[in-house]
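This report concerns only the one structure given below.
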Amino acid sequence: MELTVGELIGNFILVSGSVLVLYLLIKKFAWGAISGILEERSVKIATDIDKAEEARQSAETLAQKRELELAGAKQEASQIITDAKELGQVKGDQIIADASEEASRLKTQAEADIQQSKTDAIASVKAEMSDLSVLLAEKIMGSNLDKDAQSQLIDTYLDELGDA
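Written out as structure tokens, the structure is:
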């Protein structure tokens, strides 16, 4: 079936007219609604993009704030540890100084006690020697010597022996 030129032109006019009528009907009745829907969709997409950007910036700000807080906490912990070490060192040095001072004091006291004991022992030995010498001299001589003079003589003799 062959179409003639007249039929082709008629079909062309009919199809062109139908498309033009359809275009006019869509423009009059549906184009406003379609444009409104597309415009609403465009606004919603733009709003969502803006909200996403704000959320991203907020997250970055929050992340930076957390990093600063973490760095501050690390610094504070480091300072606390340093302070504790310094305090421990100072306390340790103080304890060592106190112990050294106490040991020195005890040593000095012990030396003084030893010297006193030595002095007391020498005095005791001198007194006993003096008494023994007087008794011995009395027995040897058979007479009673002056005890004070004899004591003085013995003390002098013992002092000379102690110095030698």
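In terms of my numbering, the sequence shown is numbered consecutively and its last residue is 168.
We put the beta carbon where it would ideally sit given N, CA and C, even for glycine.
- [ ] Measure the beta-carbon distance from serine 134 to aspartate 159 and round it to whole angstroms, keeping in mind my assumption that it falls under 8 angstroms.
- [x] A Cβ-Cβ distance of about 7 angstroms is found for the pair serine 134 and aspartate 159, placing them in contact under the 8 angstroms criterion.
Task: Check whether leucine 162 and lysine 111 have beta carbons under 7 angstroms apart - done: The beta carbons of leucine 162 and lysine 111 sit no closer together than 7 angstroms.
Open item on the list: So, under 8 angstroms CB-CB, serine 137 and glutamine 156 are touching, yes? Tell me the CB distance rounded to an integer number of Å.
Closed with: Serine 137 to glutamine 156, Cβ: 12 angstroms. No contact.
Open item on the list: Using the three-state DSSP reduction, which class does leucine 7 fall into: helix, strand or coil?
Closed with: Three-state DSSP puts leucine 7 in coil, outside helix and strand.
- [ ] Can you grab the Cα-Cα spacing for the pair isoleucine 13 / leucine 26, in whole Å?
- [x] Spanning the two alpha carbons is a distance of roughly 20 angstroms.
Open item on the list: Suppose you measure from the CA of asparagine 15 to the CA of leucine 24; what does that come to, to the nearest Å?
Closed with: One Cα belongs to asparagine 15, the other to leucine 24, and the distance between them is close to 14 angstroms.
TODO: Measure the C-alpha to C-alpha separation of leucine 18 and threonine 51 and round it to an integer number of angstroms.
DONE: Going by the C-alpha atoms only, they are around 45 angstroms apart.
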